[in-house]
Amino acid sequence: MPAFGAGLEVQAVAADTWALVGHTEDLTPSNGGNIANAGFVATGAGVVVIDTSASKALGEAWLAAIRDRSTEPVVRVYNTHLHPDHILGNMAFPREALATLPATRQSIRELGEAFNDNLYRMVGGGMKGTEAVVPDGVAEAGTTLLGHHRIRVMALRGHSAADLVVFDETTGVLFTGDLVFFDRAPTTPHANLAEWRRSLDLLAALPFKRMVPGHGPVLDDARGIAMTRRWLDWIEQTFVDAARQGLDMNDVLALPLPPEWASLPLAASEYRRSVAHLYPAIERRVLSAGVSP
Amino acid sequence: MNPTLSAVISLLLALLSPACAAAPTDPLGDRGRWPDMQRQFYADGPISFDARVRVEVPANAEDAMNVPVAVDARAVASEGIERIVVVADYNPILKVLEFEPVTVAPYLAFRIKVQQSTPIRAGVKLKDGRWLIGSAVVASQGGGCTAPSNGRGTPGWERTLNTVSARQFSSAVGDRLRFSILHPMDTGLANGIPAFFIDELNLRDAGGNTVARIRPAEPVSENPVFTLDLAGALTVVQIDGRDNNGNKVLGTLR
Ligand SMILES: [Zn+2]
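Residue numbers (the numbering used here), protein chains in the order written: chain A, 7 to 299; chain B, 24 to 277.
Here it is, written out as C-alpha cells:
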C-alpha cells in the first residue's frame with residue numbers, strides 16, 4: 007500500500023537521472039516523513055540510487071517510481087549519511103546493494119532504532135513496518151565507470167561525521183546529501199561547522215551543472231551552497247556574540263530571527279534546535295578564556 | 024518594618040501552615056505529583072503560588088540531557104530570601120538543586136536532565152518562613168536521567184575532572200558571572216555507573232566571604248554551567264566546592 011507513493015514528486019534532472027524532491031517541511035503525519043531528497047542514475051549497467059527516504063512505505067514507493075523509469079537492476083544504493091529521513095526506506099531495496107561510509111554504518115547500528123522510534127512519534131502510521139537496516143556494503147571514495155556514467159563518490163564531513171556525496175562526472179549532476187540545503191533551514195544535530203564549511207568549499211570547486219541538495223528544489227547553480235554557508239556563518243556568529251555577552255541558553259533561544267531568514271521554511275525551529283546542539287561548546291570556549299586554575 | 028511587628032506576622036503566617044490551611048491550587052493544573060512535592064520539599068511554612076517567581080524553560084526540550092532552566096526571583100528579592108529549592112515533579116530524582124543567593128541577586132540559570140515531560144518548580148523560602156512557588160512545564164521525549172554521561176566515553180576525562188572555567192560579564196543583560204565545571208554528574212540510574220555529582224559550590228569575594236551557595240543534585244547536567252546575576256557588584260574571585268566522592272572543586276577568577 008504505497009500510501010504516500012502517489013504524492014512522490016520525481017523530477018528528471020539530466021540524461022538517465024532523476025530526483026525525488028521531498029517537502030520542505032518538518033516530519034508530520036500528513037507528509038508521511040517525505041521531507042528529504044533522493045536520486046537515481048540509470049547508468050546502462052544498473053541503477054545507482056542515492057538515499058531511500060524515511061519509511062518502508064516511502065522506500066517502496068520510491069523503488070516503484072524508479073521501476074517506472076528504468077528496467078535496469080538496482081546495483082548500488084548509497085546512504086548519504088545517518089539521518090533517518092534519508093535512510094529508513096532501506097528495507098525496500100535489495101540488501102546486497104546497500105552501501106555507505108564506515109562511520110555511517112556504525113551510527114546507523116547505534117542510533118537506527120532510536121531514530122525509528124522518534125519518527126514513529128512524529129509521523130505515526132506512515133512508519134508502519136519500518137525498521138532500520140544497516141548497509142553491509144562499505145562505500146569508498148573514488149571514481150568508477152558504470153555503464154555510460156563516470157560516478158565519483160566523495161567522503162566528506164561536517165553535516166555529520168561522514169557525508170557521502172555522489173558526483174556524476176558524465177552529466178555534471180551533484181548529489182550533495184545534507185551538506186547543502188536550499189529553501190529550508192539546515193539541521194545541525196551532528197554538525198561540525200568548521201568541517202561543514204570546508205566541505206562546502208570542496209563542493210563549490212566541482213564543475214557541476216545541476217545540484218540535488220539534501221532538502222529543497224533541484225538547482226542549476228551554487229545558490230544552495232551559498233545559502234547553507236550564510237546560515238552556518240550566521241548561526242555561529244550569533245552564538246559567539248551571545249556567549250561573549252554572557253547570555254544563557256534560554257536568552258539565546260529568545261533572540262529574534264533576523265529579517266533575512268523570516269521567510270525561510272523551518273528557520274525558527276531549526277534555530278532553536280541549533281541552540282541546543284551548538285551553543286554549549288561555543289560558550290565553553292568563551293568561558294575558558296576567563297579563568298586561571 | 025518594626026522588628027516586633029514582623030515577628031508577630033511571621034508567627035501568624037507560620038500558624039497558617041499547610042497542615043491546617045487548604046493546599047493552594049497548582050496553577051499548572053497538574054495535580055498528579057504536586058501534593059507529594061509540597062509535602063516533601065515545601066512543608067515547613069505557609070505556601071503560595073506566586074507569578075513573580077519566574078521559571079523559564081523552553082516549551083519543548085530538544086535535548087533531554089540539557090534542558091535550560093532559569094529561576095528568577097528578583098521580583099520578590101525585597102521580601103528577604105533565605106534559599107531557593109528547585110525540583111522536577113516527574114524526574115526519578117526529584118530535587119534538582121538548592122541556591123542561597125547570600126548577597127547576589129536571586130537569579131540562577133543552569134541545565135538539567137529530564138526523564139519525561141515534567142513541571143519544574145522553584146520554591147523561594149523567605150526569611151519569614153513562607154514559601155513562594157513558581158512553576159513551568161517542559162515537554163520532552165525524555166530519557167535524560169538514565170543515559171550515561173557523554174564524557175565517560177572520552178579517554179582521560181578523569182584528568183580534567185572539576186576543571187572550572189569562569190568569566191564575569193557586564194553587558195545589556197547586566198553584571199553576570201557564568202562558570203562551567205567539567206564533571207560527569209552521573210545520576211546513578213544508568214546501568215553500572217554509581218551516582219557521582221558535584222553537591223556543593225561556594226562563590227566567594229576577595230575577603231573569603233560567601234556571596235552565593237549552590238547545592239546541585241544528580242539531575243543537573245553533565246559539565247554544568249551556571250549563570251548568576253551579581254547585582255551590580257562584580258565581586259566573585261573564587262569558586263570552591265566538592266563532589267559526593269570528596270573531590271575538590273577550585274577555580275579563581277582573573
Ligand atoms: Zn541530515
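Beta carbons: idealized from backbone N, C-alpha and C, even for Gly.
6 Å Cβ shell around residue 236 (chain B) - same chain, five flanking residues per side excluded: Counting from one through the second sequence, the residue named residue 236 (chain B) turns up at place 213. Contacts found: 123, 225.
Chain A contacts from the region 193 to 209 of chain B (Cβ-Cβ distance under 7 Å): Listed in chain order, the positions of the region 193 to 209 of chain B with a beta carbon within less than 7 Å of a beta carbon of chain A are 194, 195, 196, 199, 201, 202, 203.
Partners in chain B for residue 261 (chain A), counting only beta-carbon separations shorter than 7 Å: Here residue 261 (chain A) corresponds to residue number 255 of the first sequence, with the count starting at 1. By Cβ distance, chain B contributes nothing, its closest Cβ being about 12 Å from residue 261 (chain A), past 7 Å.
Per-residue burial, residue 284 (chain A) [other beta carbons within 10 Å of its own, 16 or more giving buried]: Here residue 284 (chain A) refers to the residue found at position 278 of the first sequence. The residue is buried, with at least 16 neighbouring Cβ atoms inside 10 Å.
Three CB pairs or more closer than 8 Å across the region 197 to 207 of chain A and the region 20 to 37 of chain A: With the cut-off at 8 Å, the region 197 to 207 of chain A and the region 20 to 37 of chain A do not touch.
Residue 292 (chain A) at chain B interface by Cβ criterion, 9 Å: As a position in the first sequence, residue 292 (chain A) is number 286, starting the count at 1. Chain B, which has a Cβ nearer than 9 Å to the Cβ of residue 292 (chain A), makes this yes.
The alpha helix (DSSP H) enclosing residue 281 (chain A), as first and last residue numbers: The count along the first sequence starts at 1 and reaches residue 281 (chain A) at position 275. Counting along the chain, the alpha helix (DSSP H) containing residue 281 (chain A) begins and ends at 273 to 293.
Contacts that residue 239 (chain B) makes with chain A (C-beta to C-beta distance below 8 Å): The residue labelled residue 239 (chain B) in the question sits at position 216 within the second sequence. Neighbours of residue 239 (chain B) on chain A: none; closest Cβ ~16 Å, over 8 Å.
One or two residues paired with residue 104 (chain A) in a DSSP bridge: The residue given as residue 104 (chain A) occupies position 98 in the first sequence. For residue 104 (chain A), which the question treats as bridged, DSSP gives the partners A:83.
Which of helix, strand or coil DSSP assigns to residue 92 (chain A): Numbered from its first residue, the first sequence carries residue 92 (chain A) at position 86. The three-state secondary structure of residue 92 (chain A), taken from DSSP, is helix.
For residue 234 (chain A), the nearest candidate out of A:262, A:39, A:62, A:190 (CA to CA): On the first sequence, position 228 is the one that residue 234 (chain A) refers to. The residue with the shortest Cα to Cα distance from residue 234 (chain A) is A:190.
Own chain residues within Cβ distance below 6 Å of residue 44 (chain B), not counting five before or after: In the second sequence, counting from the first residue as 1, residue 44 (chain B) sits at position 21. With a pLDDT of 46 at residue 44 (chain B), under the threshold of 50, the modelled position of that residue is not reliable, and no figure is offered here.
Residue 182 (chain B): contacting residues in chain A (beta-carbon distance under 7 Å): For this step, residue 182 (chain B) is matched to residue 159 along the second sequence. Neighbours of residue 182 (chain B) on chain A: none; closest Cβ ~12 Å, over 7 Å.
Minimum length 3: unbroken beta strand (DSSP E) runs contained in the region 58 to 129 of chain B: Listed in chain order, the beta strand (DSSP E) elements of length 3 or more contained wholly in the region 58 to 129 of chain B are 70 to 72, 77 to 79, 90 to 95, 104 to 111, 118 to 123.
Around ligand 1, Cβ to any heavy atom closer than 5 Å, ordered along the chain: Those residues placing their Cβ nearer than 5 Å to any heavy atom of ligand 1 are, following chain order, A:89, A:184.
Per DSSP, cross-strand counterpart(s) of residue 155 (chain A): As a working mapping, residue 155 (chain A) is identified with position 149 in the first sequence. Its beta-bridge partners are A:152.
Beta-carbon neighbours of residue 272 (chain A), restricted to chain B and to distances below 8 Å: The residue you call residue 272 (chain A) lines up with position 266 of the first sequence. In chain order: nothing, as chain B lies at least about 14 Å away.
Which residues DSSP lists as bridging residue 56 (chain A), in chain order: Position 50 of the first sequence holds residue 56 (chain A). According to DSSP, residue 56 (chain A) bridges with A:45, A:84.
C-beta contact flag for residue 112 (chain B) and residue 141 (chain B) at 9 Å: By one-based count along the second sequence, residue 112 (chain B) stands at place 89. By one-based count along the second sequence, residue 141 (chain B) stands at place 118. Taking 9 Å as the Cβ cut-off, residue 112 (chain B) and residue 141 (chain B) qualify as a contacting pair.
Proximal chain A residues relative to residue 89 (chain B), where beta-carbon distance stays under 9 Å: Start at 1 with the first residue of the second sequence, and residue 89 (chain B) comes out as number 66. The answer, in chain order, is 255, 282, 286.
Simplified DSSP state of residue 160 (chain A), which is helix, strand or coil: Your numbering for residue 160 (chain A) matches position 154 in the first sequence. In this structure, residue 160 (chain A) counts as strand in the three-state DSSP scheme.
As assigned by DSSP and simplified to three states, the class of residue 190 (chain A): In the first sequence, counting from the first residue as 1, residue 190 (chain A) sits at position 184. Here residue 190 (chain A) sits in coil by DSSP.
Beta bridge counterpart(s) of residue 226 (chain B) as assigned by DSSP: Here residue 226 (chain B) corresponds to residue number 203 of the second sequence, with the count starting at 1. Checking the DSSP bridge columns, you'll see residue 226 (chain B) partnered with B:235, B:262.
Which listed residue (B:73, B:268, B:250) has its alpha carbon closest to that of residue 98 (chain B): Counting from 1 along the second sequence, the entry for residue 98 (chain B) is found at position 75. For residue 98 (chain B), the closest C-alpha among the options B:73, B:268, B:250 is that of B:73.
The region 253 to 266 of chain A touching the region 209 to 220 of chain A, judged by at least three CB pairs closer than 8 Å: Contact between the region 253 to 266 of chain A and the region 209 to 220 of chain A is absent, with fewer than three C-beta pairs closer than 8 Å.
Interface partners of residue 127 (chain A) on chain B, CB under 9 Å: Translated into positions along the first sequence, residue 127 (chain A) becomes position 121. The contacting residues are 164.
One or two residues paired with residue 274 (chain B) in a DSSP bridge: Walking along the second sequence from the start, residue 274 (chain B) turns up at place 251. Note: residue 274 (chain B) sits in a beta bridge opposite B:262.
Secondary structure of residue 226 (chain A), DSSP reduced to three states: Walking along the first sequence from the start, residue 226 (chain A) turns up at place 220. Three-state DSSP puts residue 226 (chain A) in coil, outside helix and strand.
Under the three-state DSSP convention, the category residue 217 (chain A) falls into: Residue mapping note: residue 217 (chain A) aligns to position 211 of the first sequence, counting from 1. For residue 217 (chain A), the secondary structure class from DSSP, reduced to helix, strand or coil, is strand.
Residue 95 (chain A) beta carbon less than 9 Å from that of residue 62 (chain A): As a first step, residue 62 (chain A) is located in the first sequence; it is residue number 56 there, counting from the start. As a first step, residue 95 (chain A) is located in the first sequence; it is residue number 89 there, counting from the start. The answer is yes: Cβ separation under 9 Å.
Residue from B:138, B:228, B:146, B:50 whose Cα sits closest to the Cα of residue 90 (chain B): For the purposes of this step, residue 90 (chain B) is taken as residue 67 along the second sequence, with counting starting at 1. Nearest in C-alpha terms to residue 90 (chain B), of all of B:138, B:228, B:146, B:50, is B:138.
Integer Cβ distance of residue 91 (chain A) from residue 275 (chain A), believed to fall under 8 Å: Translated into positions along the first sequence, residue 91 (chain A) becomes position 85. Translated into positions along the first sequence, residue 275 (chain A) becomes position 269. The distance from the Cβ of residue 91 (chain A) to that of residue 275 (chain A) is about 15 Å, inconsistent with a contact at the 8 Å cut-off.
Contact with chain B by residue 73 (chain A), beta-carbon distance below 9 Å: Position 67 of the first sequence, counted from the first residue, corresponds to residue 73 (chain A). No - not a single Cβ of chain B is within 9 Å of the one on residue 73 (chain A).
Burial state of residue 209 (chain B) (16 or more Cβ within 10 Å): Counted from its first residue, the second sequence places residue 209 (chain B) at position 186. Residue 209 (chain B) is buried by the Cβ-count criterion.
Counterpart residues of residue 209 (chain B) in DSSP-defined beta bridges: Walking along the second sequence from the start, residue 209 (chain B) turns up at place 186. DSSP output for residue 209 (chain B) lists B:219 as bridge partner(s).
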